[in-house]
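A.B. asks: Here the protein sequences come in this chain order: A and B.
My numbering numbers the first residue of the first sequence as 1 and each following residue consecutively.
My numbering numbers the first residue of the second sequence as 1001 and each following residue consecutively.
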Amino acid sequence: MDHKGILAALVGELTKLPGIGRKTAQRLAFHILKQPDEDATRLADAIRAVKERLGLCRQCRNIAEGDLCGICQDPKRDQTRVVVVEEVPTLHAIEATGGYKGLYHVLAGALSPLDGVGPADIKAQDLVDRVAGSAVEEVIVATSPTIEGEATAIYLSRLIAPLGIRISRIALGVPVGMDLEYADEVTLLKSLDGRREIA
Amino acid sequence: MGLSKTPAIVLKSRKWGDADRIVTFFTLKHGKVRGVARGARRMKSRFGSALEPFVHCDLDLFEKQGDSLYRISQASIRQSFYTLRDSLETITGAARLANLAGAVTADGDAVPRVFHALLEGFRAIGQSEDAATTAALYELEILRFAGYLPHLERCNSCQSTATDRWFFSPRAGGTLCGPCARHEPVRCALISPASLAFFRQALRMDPALLPRLKATAPVREELRDAIELYVDYVAGRSLPKSGVLFAAERRSTYRRTPSPVASGNANRV
Ligand SMILES: [Zn+2]
Ligand SMILES: [Zn+2]
Chain A
1 MDHKGILAAL VGELTKLPGI GRKTAQRLAF HILKQPDEDA TRLADAIRAV KERLGLCRQC
61 RNIAEGDLCG ICQDPKRDQT RVVVVEEVPT LHAIEATGGY KGLYHVLAGA LSPLDGVGPA
121 DIKAQDLVDR VAGSAVEEVI VATSPTIEGE ATAIYLSRLI APLGIRISRI ALGVPVGMDL
181 EYADEVTLLK SLDGRREIA
Chain B
1001 MGLSKTPAIV LKSRKWGDAD RIVTFFTLKH GKVRGVARGA RRMKSRFGSA LEPFVHCDLD
1061 LFEKQGDSLY RISQASIRQS FYTLRDSLET ITGAARLANL AGAVTADGDA VPRVFHALLE
1121 GFRAIGQSED AATTAALYEL EILRFAGYLP HLERCNSCQS TATDRWFFSP RAGGTLCGPC
1181 ARHEPVRCAL ISPASLAFFR QALRMDPALL PRLKATAPVR EELRDAIELY VDYVAGRSLP
1241 KSGVLFAAER RSTYRRTPSP VASGNANRV
């Protein structure tokens, strides 16, 4: 491979990353070329380490080093509640709040009647197998308030409710700090549906 | 064109970049168009829920020179159809109509009657006790206005009006007699006399009265099968079926065996 081919190979790999176009990929490739050796090596090592040492938790499909993730291994977590999310970044967002001490389940997707994504394409049956006959008392569905997230929540309720386990959906409504007059119709209706008693 | 204001129906919306969405609309003035909504996924986005599928809204679009993607500058809800999201049956029915309207019309090609059939279809599905059949009937309406009205009066090949068994051929866009169906290069749907009578009646009726049509379960199923076959043929690809979200429920009731422990690469990110 001549020098053009070597550079083109790097550009080609970078272009495969989400949100990276040809121009950006070229800029990054030239940047890496000009970088001190040890910086480029650290980048390569970091990529390799992620691929070699990290996998998915056997129980919840969070990112894990080894068989189980840190959350599933932690005996102090509340074993009676499971929050269901579409993807790992949502799990991390909820963890970052520090306000939830239970377990998680990552579906790795959501149902989409518009794109033909059906139940077999997400990890819904894994969830049923996991919670049936376990210590879990409540499944909390934290999928997005999109068509896909809603369809997934309804589907999960049909699967989980017959097991006699409580299934709930996160509240949908007005973001904190927002002026109500700017809220759109659907958000307002959903927040009225999801109201709760305060006294 | 610069700025254009038009009523629109959201067909599809997908994530783009960190916080944007690319939204496919069926608009009254320009037919199917795609546009970028900057910042639409942010918590305090000015679009709110106006860019969710099935929403009927008023849209402000900007055309940029040499770009097939529009910029969406404003979207305000006329009718949210948000109750369509309350059951899997209505979500799937509405998704069938949205996918079909997108598949049988060309970008930028205004077909106002398809626009109105979509709106009517969403309303009817929301009120229907059998969302899948109502959706199938409105799929027929959309096909009709897109220029694919099925022909059901006689065999579309030999013109015969009598046969022992009728078939629906997606390629012929209508009925074939038994002998002609045997020579069809594509799969045809067998259609019983009862289903054919119902099918013909649906095509003759005022669309506004369609929701009142009642049929037995086997008739509804045959009709749905024939229409789904035709839709795929016209669209040139397989669109998600009305049973897409129910496959698992039909296949089995809950199985109790624990899932096998994933190992090796199957467990990798
Ligand atoms: Zn875990
Ligand atoms: Zn014939």
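Glycine included, each C-beta is placed from N, C-alpha and C at the ideal position.
Who are the neighbours of B/R1085 on chain A, taking C-beta pairs under 7 Å?
C.D. replies: For the purposes of this step, residue 1085 of chain B is taken as the residue at position 85 of the second sequence. Near B/R1085 (Cβ distances below 7 Å), the residues of chain A are I147 and E150.
A.B. asks: Can you name the residues that DSSP bridges to A/V84?
C.D. replies: Mapped onto the first sequence, residue 84 of chain A falls at position 84. Note: A/V84 sits in a beta bridge opposite A/H105 and A/V141.
A.B. asks: Under three-state DSSP, which class holds B/F1199?
C.D. replies: Counting from 1 along the second sequence, the entry for residue 1199 of chain B is found at position 199. Residue state, collapsed to three classes: helix.
A.B. asks: Out of A/D129, A/V106 and A/V85, state which residue places its alpha-carbon closest to the alpha-carbon of A/S144.
C.D. replies: If you number the first sequence from 1, residue 144 of chain A lands on position 144. Considering only alpha carbons, the answer is A/V85.
A.B. asks: Could you pull out every unbroken alpha helix (DSSP H) segment of at least 4 residues lying fully inside the region 1182 to 1227 of chain B, listed in chain order?
C.D. replies: If we require 4 residues or more, the alpha helix (DSSP H) runs fully inside the region 1182 to 1227 of chain B come out as 1193 to 1204.
A.B. asks: Determine the burial state of A/L107: buried for a count of at least 16 other Cβ atoms within 10 Å of its Cβ, exposed for fewer.
C.D. replies: The residue you call residue 107 of chain A lines up with position 107 of the first sequence. Under this definition A/L107 is a buried residue.
A.B. asks: Taking contact to mean 3 or more Cβ pairs, one atom from each stretch, closer than 8 Å, check whether the region 1055 to 1071 of chain B and the region 171 to 182 of chain A are in contact.
C.D. replies: Taking 8 Å as the limit for Cβ pairs, the verdict is that the region 171 to 182 of chain A does not touch the region 1055 to 1071 of chain B.
A.B. asks: What are the start and end residues of the alpha helix (DSSP H) that includes B/L1003?
C.D. replies: Taking the first residue of the second sequence as position 1, residue 1003 of chain B is located at position 3. Per DSSP, B/L1003 belongs to no alpha helix (DSSP H); it is in the beta strand (DSSP E), L1003 to W1016.
A.B. asks: Leaving out the 5 sequence neighbours to the left and right, which residues in its chain are closer than 6 Å to B/C1158 when beta-carbon positions are compared?
C.D. replies: Working through the second sequence from its first residue, we reach residue 1158 of chain B at position 158. Within the same chain, B/C1158 has close Cβ partners C1180.
A.B. asks: Measure from the C-beta of A/A199 to each C-beta in chain B and report whether the shortest distance is under 8 Å.
C.D. replies: As a position in the first sequence, residue 199 of chain A is number 199, starting the count at 1. With 8 Å as the cut-off, A/A199 does not count as an interface residue toward chain B.
A.B. asks: Below 7 Å on C-beta distance, what does A/I154 contact in chain B?
C.D. replies: Taking the first sequence and counting its residues from 1, the one referred to as residue 154 of chain A is at position 154. Within 7 Å Cβ-Cβ: S1087 and L1088.
A.B. asks: Report the neighbours of A/T187 on chain B: residues whose CB is nearer than 9 Å to its CB, in chain order.
C.D. replies: Position 187 of the first sequence, counting from 1, holds the residue named residue 187 of chain A. Within 9 Å Cβ-Cβ: G1048 and S1049.
A.B. asks: Identify whether A/I122 lies in helix, strand or coil by the three-state DSSP scheme.
C.D. replies: In the first sequence, counting from the first residue as 1, residue 122 of chain A sits at position 122. Coil.
A.B. asks: Could you check whether B/G1039 and B/R1071 sit closer than 8 Å to each other, using their CB atoms as the reference points?
C.D. replies: Numbered from 1 along the second sequence, position 71 holds the residue referred to as residue 1071 of chain B. Numbered from 1 along the second sequence, position 39 holds the residue referred to as residue 1039 of chain B. No, they are not a contact pair.
A.B. asks: Beta carbon of B/L1176: closer than 7 Å to some heavy atom of ligand 2?
C.D. replies: Along the second sequence, read from residue 1 onward, the residue named residue 1176 of chain B stands at position 176. Within the cutoff, so yes.
A.B. asks: Reducing DSSP to helix, strand and coil, say where B/F1030 ends up.
C.D. replies: Counted from its first residue, the second sequence places residue 1030 of chain B at position 30. Reading off the sequence, residue 1030 of chain B comes out as His, not Phe. Looking at B/H1030 - three-state DSSP - the assignment turns out to be coil, as it is neither helix nor strand.
A.B. asks: Does the distance between the C-beta of B/S1169 and the nearest non-hydrogen atom of ligand 2 fall short of 7 Å?
C.D. replies: As a position in the second sequence, residue 1169 of chain B is number 169, starting the count at 1. B/S1169 Cβ: outside cutoff for every heavy atom of ligand 2.
A.B. asks: What residues in the region 1014 to 1047 of chain B bring their beta carbon closer than 7 Å to a beta carbon of chain A?
C.D. replies: For the region 1014 to 1047 of chain B, which is checked against every Cβ of chain A, the residues closer than 7 Å are G1017, M1043 and K1044.
A.B. asks: Hey, how far is the Cα of B/S1076 from the Cα of B/L1028?
C.D. replies: As a first step, residue 1076 of chain B is located in the second sequence; it is residue number 76 there, counting from the start. As a first step, residue 1028 of chain B is located in the second sequence; it is residue number 28 there, counting from the start. Their Cα atoms are separated by approximately 15 Å.
A.B. asks: Which residue marks the beginning of the beta strand (DSSP E) containing B/F1167, and which one marks its end?
C.D. replies: The count along the second sequence starts at 1 and reaches residue 1167 of chain B at position 167. Segment W1166 to S1169, the beta strand (DSSP E) holding B/F1167.
A.B. asks: Identify every residue that forms a DSSP beta bridge with A/L56.
C.D. replies: One-based indexing of the first sequence puts residue 56 of chain A at position 56. In DSSP, A/L56 forms a bridge with A/I63.
A.B. asks: Counting only C-beta atoms, is B/T1092 closer than 8 Å to chain A at any point?
C.D. replies: Along the second sequence, read from residue 1 onward, the residue named residue 1092 of chain B stands at position 92. So, interface residue.
A.B. asks: At the 8 Å Cβ level, is A/G194 part of the contact set with chain B, yes or no?
C.D. replies: Translated into positions along the first sequence, residue 194 of chain A becomes position 194. For A/G194, the answer is no, since every Cβ of chain B falls outside 8 Å of its Cβ.
A.B. asks: Do you know whose CA, among B/Y1148, B/G1017 and B/Y1230, lies nearest B/R1041's CA?
C.D. replies: Reading the second sequence from its first residue, position 41 is the one you call residue 1041 of chain B. Closest by alpha carbon: B/G1017.
A.B. asks: Thinking C-beta only, is B/A1110 closer than 8 Å to B/H1030?
C.D. replies: As a first step, residue 1030 of chain B is located in the second sequence; it is residue number 30 there, counting from the start. As a first step, residue 1110 of chain B is located in the second sequence; it is residue number 110 there, counting from the start. Closer than 8 Å, so yes.
A.B. asks: By a C-beta neighbour count over all protein chains shown, 10 Å radius and 16 as the cutoff for buried, is B/E1222 buried or exposed?
C.D. replies: Translated into positions along the second sequence, residue 1222 of chain B becomes position 222. Answer is buried; the Cβ neighbour count reaches 16.
A.B. asks: Check for me: the alpha helix (DSSP H) holding A/S191 runs from which residue to which?
C.D. replies: To locate residue 191 of chain A, count along the first sequence from 1; it is residue 191. E185 to D193 is the extent of the alpha helix (DSSP H) around A/S191.
A.B. asks: Please classify A/Y182 as buried or exposed, where buried requires at least 16 other C-beta atoms within 10 Å of its C-beta.
C.D. replies: One-based indexing of the first sequence puts residue 182 of chain A at position 182. Counting Cβ neighbours within 10 Å, A/Y182 comes out exposed, since fewer than 16 surround it.
A.B. asks: For a cutoff of 8 Å on Cβ pairs, would you count B/A1098 as touching chain A?
C.D. replies: Against the second sequence, residue 1098 of chain B aligns to sequence position 98. Cβ-Cβ to chain A under 8 Å: yes for B/A1098.
A.B. asks: Please identify the residue among B/L1051, B/L1176, B/L1210 and B/D1058 whose C-alpha is closest to the C-alpha of B/T1136.
C.D. replies: Here the question's residue 1136 of chain B lines up with position 136 in the second sequence. The sequence as given places Ala at residue 1136 of chain B; Thr does not occur at that position. Taking only the C-alpha atoms, the option nearest B/A1136 is B/L1210.
A.B. asks: Against chain A, which members of the region 1102 to 1121 of chain B pass a CB distance test of less than 8 Å?
C.D. replies: The residues in question: there are none.
A.B. asks: Give me the DSSP bridge partner(s) of B/A1117.
C.D. replies: The count along the second sequence starts at 1 and reaches residue 1117 of chain B at position 117. Looking at the DSSP assignment, B/A1117 forms no beta bridge with any residue, so it has no partner.
A.B. asks: Taking only beta-carbon positions, decide if B/E1129 is within less than 8 Å of chain A.
C.D. replies: Taking the second sequence and counting its residues from 1, the one referred to as residue 1129 of chain B is at position 129. No, B/E1129 lies away from the interface with chain A (no Cβ there is under 8 Å from its Cβ).
A.B. asks: Chain A partners of B/P1053, CB-CB under 7 Å?
C.D. replies: Reading the second sequence from its first residue, position 53 is the one you call residue 1053 of chain B. Result: L114 and I147.
A.B. asks: Going by other Cβ atoms of all chains shown within 10 Å of its Cβ, with 16 needed for buried, is A/F30 buried or exposed?
C.D. replies: What you label residue 30 of chain A is simply residue 30 of the first sequence in a count that begins at 1. When all chains shown are included, A/F30 counts as exposed.
A.B. asks: Please classify A/I147: does DSSP put it in a helix, a strand, or coil?
C.D. replies: Position 147 of the first sequence, counted from the first residue, corresponds to residue 147 of chain A. A/I147: helix per DSSP, three-state reduction.
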